[in-house]
Amino acid sequence: MAVETEPSAHRTGSKSPTEHGSSPPGNEALLEADDNLAEDGDSTFGSEPASSTTSITSSILEYRTVHGRRYHSDRGDAAYWAPNDEQQNESMDINHHQLTLVLGGKLQLSPLKQDIQRALDIGTGTGIWAIDFADEFPNAEVTGTDISVIQPQWVPPNLKFEIEDCTQTWTFDENSIDYVHMRYLIGSIRDWPALMKEAFRVCKPGGYVESYEGSPDMESDDDTVPKDSAMADWGPIFKEAGVKIGRPFTILHEDLARKAMEEAGFVDIESRDFKAPVGAWPKDKTMREIGQFAQVALEQDIEGYVLGVAGLARGWSKDEVAVYCAKLRQEIRSKKQHAYYRIRVVYGRKPEDVA
130 MAVETEPSAH RTGSKSPTEH GSSPPGNEAL LEADDNLAED GDSTFGSEPA
180 SSTTSITSSI LEYRTVHGRR YHSDRGDAAY WAPNDEQQNE SMDINHHQLT
230 LVLGGKLQLS PLKQDIQRAL DIGTGTGIWA IDFADEFPNA EVTGTDISVI
280 QPQWVPPNLK FEIEDCTQTW TFDENSIDYV HMRYLIGSIR DWPALMKEAF
330 RVCKPGGYVE SYEGSPDMES DDDTVPKDSA MADWGPIFKE AGVKIGRPFT
380 ILHEDLARKA MEEAGFVDIE SRDFKAPVGA WPKDKTMREI GQFAQVALEQ
430 DIEGYVLGVA GLARGWSKDE VAVYCAKLRQ EIRSKKQHAY YRIRVVYGRK
480 PEDVA
């Protein structure tokens, strides 16, 4: 099973059968490597935008090309550090499946009732989570927002996508949303309290907000990630870039999501950390599968993840990025380095007595 670490002291009571979101089983065990793994270098896997209903200027659609990769517009305050082209989008979709495995097949941990009316996915990306959620809650109106128009046209009838910069005032009415979901906004938010205050504003009394963020640090429980390795340097590269752009990658280290929820006024806040292995090294079958998907997602577009941040943090050229990525790819495939990163899920409820 996915390994859950450092469970929060804040816990709600038992959930009724009509509620979705009871937490997946987890434990605080160390991740154990499979000593019988062969050191092959291969993964075990082979594996028109929607229109906006928001009134915006065309400048947000003026995508940039950097080192042959497509990025969102750099106009205004909207910002995301990774490409928004097909190669990166496929990696994002693989990450979605990996995170679903981490959560034991769940799409959220908030105790949602089946009859919720409206849900909002902030930073929807390719829209894959919103599509799955709309299928699971067919009677809910689901909206996904993003600064990039990279979502499919063929979606469930109860789902729509809109172009919106979540760092600005949202275009949704107060007390109108039952559930606000946000995932992997790491490195794109200057002001987390302002973000959560918008979530609080649009949430109905009794509604939930839920945040998913990952740590950029690759750790190990058996000291198999050397300090001079590419894996060990992954986290510092991202954190240095975050300092340069004023949009932190230290969401877990500073517990920014929880603190921002508390400041906004949410209550019954719960926080769960999960270990997500990188590579097919774990002995546990489920953890190995999670690690395999993490490996596939990374190898699908290692360069896309690193190009922008390494340029900001270190001033690396495209060739220097290629050398680093080759070393990282080799380390992931070797199975000698038993790395994982942490994923934190934080969710909270808007009090019923708030108008």
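Numbering (this note's numbering), first residue to last: 130 to 484. From the three backbone atoms N, C-alpha and C, an ideal C-beta is built for every residue, glycine too.
Rounded C-alpha distance that separates residue i from residue j
i, j, result
"glycine 375", "methionine 325", "18 Å"
"tryptophan 445", "glutamate 428", "20 Å"
"glycine 256", "leucine 314", "14 Å"
"proline 355", "lysine 447", "25 Å"
"isoleucine 245", "leucine 236", "15 Å"
"lysine 242", "aspartate 397", "16 Å"
"isoleucine 380", "proline 267", "32 Å"
"methionine 390", "glycine 440", "32 Å"
"threonine 298", "alanine 162", "47 Å"
"glutamate 303", "glycine 394", "14 Å"
"glutamine 227", "alanine 423", "7 Å"
"threonine 415", "proline 334", "37 Å"
"phenylalanine 403", "isoleucine 472", "5 Å"
"aspartate 294", "glutamate 327", "12 Å"
"alanine 123", "alanine 269", "What the structure shows of the chain is the stretch from 130 to 484, and residue 123 is not part of that stretch, so it cannot be assessed."
"glycine 329", "isoleucine 292", "Before going on, a small fix: residue 329 reads as phenylalanine here, not glycine. Roughly 20 Å between the two C-alpha positions."
"serine 344", "histidine 382", "8 Å"
"isoleucine 223", "glycine 437", "21 Å"
"glutamate 265", "alanine 323", "30 Å"
"arginine 312", "arginine 443", "27 Å"
"leucine 160", "threonine 296", "37 Å"
"glycine 364", "serine 349", "13 Å"
"proline 480", "glutamate 432", "44 Å"
Cross-strand partners of residue i (DSSP beta bridge)
i, result
"threonine 272", "Leu249, Lys289"
"proline 406", "Tyr469"
"glycine 485", "There is no way to answer for residue 485, as the model of the chain reaches only from 130 to 484."
"glutamate 348", "Tyr469"
"serine 358", "Answer is none; serine 358 lacks a bridge partner."
Residue i in three-state terms, based on DSSP
i, result
"cysteine 295", "coil"
"serine 152", "With a pLDDT of 47 at serine 152, under the threshold of 50, the modelled position of this residue cannot be trusted; read the value that follows with caution. DSSP places serine 152 in coil when its eight states are reduced to three."
"proline 267", "coil"
"proline 411", "strand"
"phenylalanine 113", "No answer is possible for residue 113: it lies beyond the span of the chain, which begins at 130 and ends at 484."
"serine 220", "helix"
"lysine 333", "strand"
"isoleucine 366", "helix"
"arginine 458", "helix"
"valine 425", "helix"
"leucine 232", "coil"
"tyrosine 308", "strand"
"glycine 254", "coil"
"glycine 444", "coil"
"lysine 464", "coil"
"threonine 186", "Since pLDDT at threonine 186 reaches only 40, below the 50 mark, its modelled position is unreliable, and no value is offered."
"lysine 242", "strand"
"glycine 437", "helix"
"arginine 387", "helix"
"glycine 420", "helix"
C-beta contact flag for residue i and residue j at 7 Å
i, j, result
"glutamine 421", "alanine 409", "yes"
"serine 239", "tyrosine 434", "no"
"valine 231", "isoleucine 419", "yes"
"serine 305", "valine 284", "no"
"arginine 478", "tyrosine 337", "yes"
"valine 271", "leucine 288", "yes"
"methionine 347", "alanine 426", "no"
"glutamine 466", "threonine 353", "yes"
"alanine 359", "leucine 457", "yes"
"valine 474", "arginine 401", "yes"
"serine 220", "aspartate 362", "no"
"glutamine 280", "phenylalanine 290", "yes"
Query raised in the report: Does the segment 452-472 come within contact of the segment 249-256, defined as at least 3 CB pairs closer than 8 Å?
Result: no
Report task. Report yes or no: do three or more beta-carbon pairs, one from the segment 309-319 and one from the segment 371-386, lie closer than 8 Å? Result -> yes
Query raised in the report: Are the segment 254-271 and the segment 456-470 touching, with three or more C-beta to C-beta distances below 8 Å?
Result: no
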